[in-house]
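S.K.: Take the sequence shown: its letters are residues 49 to 330, numbered as in the working numbering.
Using N, Cα and C, we set each Cβ at its ideal position, and we do this for glycine too.
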Amino acid sequence: MQEKVCLITGATSGLGLESARALASQGATVVLSGRDKGRGEAALAEVRRTVPNAKLDLMLADLTSLTSVRKLAEDFQRKYSRLDVLLNNAGLIIDRRKVTPDGFEATFATNHLAHFLLTNLLLDLLKSSGASRVVNVSSEAHRMGSLNFLDDLQAERGGYSGTRAYGNSKLANILFTRGLKRRLEGTKVTTNSLHPGVVRSGFGLNSEGLFKHLVKLAAPFMLSAEDGARTSVYLAASPEVEGVSGRYFIKRKVAKESKAAQSDEAAEKLWQKSTELTGVGR
Numbered sequence: 049m050q051e052k053v054c055l056i057t058g059a060t061s062g063l064g065l066e067s068a069r070a071l072a073s074q075g076a077t078v079v080l081s082g083r084d085k086g087r088g089e090a091a092l093a094e095v096r097r098t099v100p101n102a103k104l105d106l107m108l109a110d111l112t113s114l115t116s117v118r119k120l121a122e123d124f125q126r127k128y129s130r131l132d133v134l135l136n137n138a139g140l141i142i143d144r145r146k147v148t149p150d151g152f153e154a155t156f157a158t159n160h161l162a163h164f165l166l167t168n169l170l171l172d173l174l175k176s177s178g179a180s181r182v183v184n185v186s187s188e189a190h191r192m193g194s195l196n197f198l199d200d201l202q203a204e205r206g207g208y209s210g211t212r213a214y215g216n217s218k219l220a221n222i223l224f225t226r227g228l229k230r231r232l233e234g235t236k237v238t239t240n241s242l243h244p245g246v247v248r249s250g251f252g253l254n255s256e257g258l259f260k261h262l263v264k265l266a267a268p269f270m271l272s273a274e275d276g277a278r279t280s281v282y283l284a285a286s287p288e289v290e291g292v293s294g295r296y297f298i299k300r301k302v303a304k305e306s307k308a309a310q311s312d313e314a315a316e317k318l319w320q321k322s323t324e325l326t327g328v329g330r
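This is the structure in structure tokens:
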């Protein structure tokens, strides 16, 4: 990964932080993106503690705001002339329905729309950088997702369920990967999605109800964040997956998605609706 540049969302803790550490240890320049400056600077210090010569940068962005996502893309392109790996890692799960400043349901906005927008804004840079990669962190929770969400992207019908909204967003991650793969044909850019495993990373602790307590109880039985990041790092850096695109991985091996996640029709419908909401990707 020498001379290569990586951008990781949600990189100030958990999977993102461990992915940043691993890629930095391979010689990459790693740009960590997160919401909070204090946590971001602490993350930089933590990576440098174990990788003293790490080439790191911090860029702040709140993925619940499309304006902030656009600024992240602008700031990155202003500073860097190449992008070899875009690791769309940030994720959110909440118990109660919340709306972003743009008027979107927060889980869908953070887990899908923000990454759809960021990827499309950086696509020209990815293409000009040669054999670059887009890696989307999904989850086996996508199997709980239903294609009905395509007609209710903002989770306004039938009562709000945080786990259902999360499953739908993870299904969207795989459908986005599917749609992006088709649009990248003829280029050297690849895209893949993955399930990191059930990871002890602090994820879910920002929820307010039962889910938060279940996460705490299950923590001793979960993977470490370092182990959970292995598939992300594999897809970002391994020569074994050079040229591989549009696949879903678990434990660094190709896995079969749910039937819903294999729908080209759904992938196109999601792409068109995401384009309407973000104004990119046409």
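In the DSSP assignment, find the unbroken alpha helix (DSSP H) run with histidine 190 in it and report its ends.
M.R.: Here histidine 190 belongs to no alpha helix (DSSP H), and DSSP marks it neither H nor E.
S.K.: Just verifying my parser: in three-state terms, what is the DSSP assignment at tyrosine 214?
M.R.: helix
S.K.: Please state whether the Cβ-Cβ distance between leucine 108 and alanine 91 is less than 8 Å.
M.R.: Taking 8 Å as the cut-off, the Cβ atoms of leucine 108 and alanine 91 do not count as close.
S.K.: Is it buried or exposed, serine 194, if we count other Cβ atoms within 10 angstroms and call 16 or more buried?
M.R.: Looking at its Cβ environment, which holds fewer than 16 other Cβ atoms inside 10 Å, serine 194 is exposed.
S.K.: Could you tell me which uninterrupted beta strand (DSSP E) segments, each at least 3 residues in length, are contained entirely in the region 98-181, listed from first to last along the chain?
M.R.: 103-108 and 133-136
S.K.: Tell me the DSSP secondary structure of alanine 303 in three-state form.
M.R.: strand
S.K.: Could you give the C-beta distance for alanine 277 and leucine 63, rounded to a whole number, given that I count them as a contact under 8 Å?
M.R.: 5 Å
S.K.: With C-beta atoms as the reference, is glycine 82 less than 8 Å away from alanine 59?
M.R.: Taking C-beta atoms as the reference points, glycine 82 and alanine 59 count as a pair closer than 8 Å.
S.K.: For isoleucine 298, write down the residues that DSSP places opposite it in a beta bridge.
M.R.: His243 and Lys301
S.K.: Are leucine 104 and valine 95 closer than 8 Å when you measure CB to CB?
M.R.: Yes, these two residues count as a Cβ contact at 8 Å.
S.K.: Closer than 6 Å by C-beta to leucine 235: which residues in its own chain qualify, once you throw out the five before and the five after it? Chain order, please.
M.R.: It should be noted that the sequence gives threonine, not leucine, for residue 235. In its chain, beyond the 5 residues on either side, Lys175 have a beta carbon closer than 6 Å to the beta carbon of threonine 235.
S.K.: So what does DSSP say about serine 209, is it helix, strand or coil?
M.R.: The answer is coil: DSSP assigns serine 209 none of H, G, I, E or B.
S.K.: Are alanine 303 and histidine 190 close, meaning C-beta to C-beta below 8 Å?
M.R.: No, they are not a contact pair.
S.K.: Provide the residue span of the beta strand (DSSP E) that contains glycine 82, from first to last.
M.R.: 77-82
S.K.: Assign histidine 261 to one of two classes, buried (16 or more other C-beta atoms within 10 Å of its C-beta) or exposed (fewer than that).
M.R.: At histidine 261, the pLDDT of 38 sits below 50, so the modelled position is not reliable and the matter cannot be decided from this model.
S.K.: Here's a check: name, in chain order, each residue in its chain whose Cβ is nearer than 7 Å to the Cβ of serine 292, leaving out the five neighbours to either side.
M.R.: Going by the sequence as given, residue 292 is valine instead of serine. Thr238 and Asn240.
S.K.: Does the beta-carbon distance from serine 280 to asparagine 137 come in below 8 Å?
M.R.: Taking a C-beta distance under 8 Å as the contact criterion, serine 280 and asparagine 137 qualify as a contact pair.
S.K.: Closest by CA to glycine 227, which one among Glu204, Val182 and Lys127?
M.R.: Closest option to glycine 227, Cα to Cα, is Val182.
S.K.: In angstroms with no decimal places, state the Cα-to-Cα distance between arginine 205 and glutamine 74.
M.R.: If you draw a straight line from the Cα of arginine 205 to the Cα of glutamine 74, it comes to about 47 Å.
S.K.: Should serine 272 go down as buried or exposed, given a rule of 16 or more other Cβ atoms within 10 Å for buried?
M.R.: Taking every protein chain shown into account, the CB of serine 272 has fewer than 16 other CB atoms within 10 angstroms, so this residue is exposed.
S.K.: Does valine 147 pass the burial test, meaning 16 or more other C-beta atoms within 10 Å, or should it be called exposed?
M.R.: exposed
S.K.: Tell me the DSSP secondary structure of leucine 283 in three-state form.
M.R.: helix
S.K.: Would the beta-carbon of leucine 318 fall within 8 Å of that of leucine 223?
M.R.: yes
S.K.: Select from Tyr128, Leu131 and Leu140 the residue whose C-alpha is nearest the C-alpha of leucine 111.
M.R.: Leu140
S.K.: Would you list the one or two residues that DSSP bridges to threonine 238?
M.R.: Arg181
S.K.: Is it right to say asparagine 168 is buried, meaning 16 or more other beta carbons lie within 10 angstroms of its own, or is it exposed?
M.R.: buried
S.K.: Using 8 Å for Cβ pairs, my map puts serine 177 next to aspartate 132. What's the rounded Cβ distance?
M.R.: 6 Å
S.K.: Could you spell out the range, first to last residue, of the beta strand (DSSP E) harbouring threonine 60?
M.R.: Here threonine 60 belongs to no beta strand (DSSP E), and DSSP marks it neither H nor E.
S.K.: Within this structure, are the beta carbons of leucine 242 and tyrosine 296 separated by less than 8 Å?
M.R.: Going by C-beta atoms, leucine 242 is nearer than 8 Å to tyrosine 296.
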